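Take a look at the structure below.
2 protein chains.
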Amino acid sequence: MATPKLLESPCSIARSLGVLGERWTFLVLREALTGSTRFAQFRDSLGLAPDVLTTRLSTLVDYGVMTREPYREPGSRPRDAYHLTPAGRELHLVLAALQQWGDHHLPYKDGPTIERRTRTDNRPVRVAFVDDQGTEIPENEVKTLRTAAYPTT
Amino acid sequence: MATPKLLESPCSIARSLGVLGERWTFLVLREALTGSTRFAQFRDSLGLAPDVLTTRLSTLVDYGVMTREPYREPGSRPRDAYHLTPAGRELHLVLAALQQWGDHHLPYKDGPTIERRTRTDNRPVRVAFVDDQGTEIPENEVKTLRTAAYPTT
């Protein structure tokens, strides 16, 4: 279930959290980005109660983050498969930013368990601020401005 | 209160969420990044119950995301001020990624209310994947690999 109050906020962070901010949702998305598509895969890898998982997946489908499509394996009853939409795929960036932060500030005893690299030449990849030329900008060079759409009351 | 089960996970996303994933925490951080430092500022801008806010702030202090320091205004009783640590400041990237996603996929009727620009020459700033040279890499050029630290069981 999404959070209606947050979804009406003029703040995009709040609206994103209205869809994504419930417990387990980011981990459902992590599994989807890793290739899980079936209810049983999500359930087993996260150890989630089926009713909670059903609710989380439904919210993601309702808000265009995932699609739900029936499939049928020979000899089995029809089931649903869940795939990320392009909007869902874009959440890779959010999850990678969370992962990067955890790697630095809540390190695992054996070091990072996942790393990102460029497909073409295997160089390390991070998440960062970039300018309109696609060049990294340090955080202390980034300013935040209110636009004309910012509520005045 | 942090989530102990998540904090023990080998997955950095899960550990980050163990500290940051509770309802309201990202919005408390948004307020802190916008300059709020006092309990009453967080409470009033978020409309949060004081006991919930106290718990969220304490978790952030316990895990090194914020500091709690007493201050005293003339004629008032001592109060606590909350400031982001450098680790907390790094969450700007996570919040900006959430905001960017909300701007694109859950747009506000009047358009984005906040924008980011470079301090020196006022050019637009986004969050993106970058390589080791600080050059933007498209998401479909990013691969994710398990390291030797990835649990085998």
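Going down the list, the sequences are from chains A and B. Counting with our numbering, you get residues 16 to 168 for the letters of the first sequence. Counting with our numbering, you get residues 16 to 168 for the letters of the second sequence. Where a beta carbon is used, it is the ideal one built from N, C-alpha and C, also for glycine. Since the structure is predicted, the reported quantities are computational estimates derived from the model, not experimental observations.
(message) For B:LEU61, would you say it is in contact with chain A, using Cβ-to-Cβ distances shorter than 7 Å as the test?
(response) Within the second sequence, residue 61 of chain B is the residue found at index 46, counting from 1. So no, B:LEU61 is outside the interface.
(message) Taking 7 Å as the threshold (C-beta atoms), are B:VAL145 and B:ALA111 in contact?
(response) Along the second sequence, one-based indexing puts residue 111 of chain B at 96. Along the second sequence, one-based indexing puts residue 145 of chain B at 130. No, they are not a contact pair.
(request) Below 8 Å on the Cβ atoms is my guess for A:LEU113 versus B:SER51; work out the distance and round it to an integer in Å. (result) The sequence position of residue 113 of chain A within the first sequence is 98, counting from 1. The sequence position of residue 51 of chain B within the second sequence is 36, counting from 1. In fact, because the Cβ distance is near 22 Å, the residues do not count as touching under 8 Å.
(request) Tell me whether B:VAL43 sits in a helix, a strand or coil according to DSSP, three-state version. (result) Numbered from its first residue, the second sequence carries residue 43 of chain B at position 28. B:VAL43 falls in the helix class under three-state DSSP.
(message) Quick check: the Cα distance between A:SER91 and B:PHE54, rounded to an integer number of angstroms?
(response) Looking up residue 91 of chain A in the first sequence gives position 76. Looking up residue 54 of chain B in the second sequence gives position 39. Between A:SER91 and B:PHE54, the C-alpha separation is close to 56 Å.
(message) Considering Cα atoms alone, identify which of B:PHE41, B:GLU37, B:GLU23 is closest to B:GLU105.
(response) Residue 105 of chain B sits at position 90 when you count from the first residue of the second sequence. The residue with the shortest Cα to Cα distance from B:GLU105 is B:PHE41.
(request) Could you tell me which residues DSSP puts in a beta bridge with B:VAL145? (result) For the purposes of this step, residue 145 of chain B is taken as residue 130 along the second sequence, with counting starting at 1. A:ARG141, B:GLU151, per the DSSP bridge assignment.
(request) Just the chain A side, please: which residues come within less than 9 Å of B:ARG38 by C-beta, in chain order? (result) Numbered from 1 along the second sequence, position 23 holds the residue referred to as residue 38 of chain B. Chain A residues near B:ARG38: THR18, LEU32, GLY36, GLU37, ARG38.
(message) Does chain D have any CB closer than 7 Å to the CB of B:PRO153?
(response) Absent from the structure: chain D. Protein chains present are A and B.
(request) Compute the distance between the beta-carbons of A:PRO153 and B:ASP147, then report whether it is under 7 Å. (result) For this step, residue 153 of chain A is matched to residue 138 along the first sequence. For this step, residue 147 of chain B is matched to residue 132 along the second sequence. Their beta carbons are not under 7 Å apart, which means A:PRO153 does not touch B:ASP147 by this criterion.
(message) Check whether chain B comes within 7 Å of A:ARG138, counting only Cβ atoms and requiring the distance to be less than that.
(response) As a first step, residue 138 of chain A must be located in the first sequence, where it is residue number 123. Chain B contact via Cβ: present.
(message) Per DSSP, what are the beta-bridge partners of A:VAL157 in this structure?
(response) Within the first sequence, numbered from 1, the residue matching residue 157 of chain A stands at position 142. A:VAL157 is bridged to B:THR133.
(request) Would you tell me roughly how many angstroms separate the C-alpha atoms of A:GLU151 and A:PRO93, rounded to the nearest one? (result) Numbered from its first residue, the first sequence carries residue 151 of chain A at position 136. Numbered from its first residue, the first sequence carries residue 93 of chain A at position 78. Computed Cα separation, rounded: 47 Å.
(message) Does A:ALA29 pass the burial test, meaning 16 or more other C-beta atoms within 10 Å, or should it be called exposed?
(response) Here residue 29 of chain A is taken as the residue at index 14 of the first sequence, counted from 1. Its Cβ being crowded by 16 or more others within 10 Å, A:ALA29 is buried.
(request) Can you say whether A:ALA163 is buried or exposed, counting buried as having 16 or more other CB atoms within 10 angstroms of its CB? (result) Translated into positions along the first sequence, residue 163 of chain A becomes position 148. Looking at its Cβ environment, which holds fewer than 16 other Cβ atoms inside 10 Å, A:ALA163 is exposed.
(request) Please confirm whether A:THR49 and B:GLU156 have their CB atoms less than 7 Å apart. (result) By 1-based counting over the first sequence, the position of residue 49 of chain A is 34. By 1-based counting over the second sequence, the position of residue 156 of chain B is 141. Against a cut-off of 7 Å, the Cβ pair of B:GLU156 and A:THR49 comes out as no contact.
(request) Identify the continuous alpha helix (DSSP H) that holds B:ALA163 and give its terminal residues. (result) As a first step, residue 163 of chain B must be located in the second sequence, where it is residue number 148. First-last for B:ALA163: undefined, no H or E at that position.
(message) With H, G and I counted as helix, E and B as strand and the rest as coil, what does DSSP make of B:ASP95?
(response) Locating residue 95 of chain B in the second sequence gives position 80, where the first residue counts as 1. B:ASP95: strand per DSSP, three-state reduction.
(request) Name the two residues that bound the continuous beta strand (DSSP E) containing B:PRO85. (result) Reading the second sequence from its first residue, position 70 is the one you call residue 85 of chain B. It spans 81-86 - the beta strand (DSSP E) in which B:PRO85 sits, taken as one unbroken run.
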